[in-house]
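In the numbering used here, the protein residues as written are 39 to 210.
Virtual Cβ for every residue (Gly too), placed ideally from N, Cα, C.
Worksheet: the structure to be examined is printed underneath.
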């Protein structure tokens, strides 16, 4: 038996996305729920449901949908990112730390993520853990400077001067 080819999830998401854009929130919710059933390991329908819940200011449902998105699709960086942002907006810094811990476990050398997690740790009174993240961030920044210097030497480039020139032009 062969499967009949048809549209994939990205194409199917166009309908609820269009309904949400047209303020047909109930229709969009029904479509996202149907897609969540058809694609049980995909974060996208759950992210759509979370976006609608946020538009309705239903924060509890939005958080539930984002947590579900992250659990059904553990590889979805977007689900984790949106979940962390909403937790932070709601002032749940302990929750933010837990999500950032998952994100750092996946990308331990993301300097921006380390700073964000350090801020969350500081907000829950764990300054020692925050300082450890900031120390790793400084180490990564130092490694980046060494990489730039090596690149400059190898290619005869002056990357720092080029960056300064671009910044000067942007300010003008």
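Straight-line measurement puts the Cα of residue 117 at about 8 Å from the Cα of residue 111. Put simply, the backbone Cα of residue 53 is about 35 Å away from that of residue 131. Within the same chain, no Cβ atom closer than 8 Å to the Cβ of residue 209 is found once the five residues on either side in sequence are excluded. A distance below 8 Å between beta-carbons, with the five flanking residues on each side excluded, links residue 94 to the following residues of its chain, in chain order: 63. Around the beta-carbon of residue 155, 16 or more other beta-carbon atoms lie within 10 Å, marking it buried.
Residue 162 sits in coil when the DSSP states are folded into three classes, being neither helix nor strand. For residue 96 and residue 87, the gap between their C-alpha atoms comes out near 11 Å.
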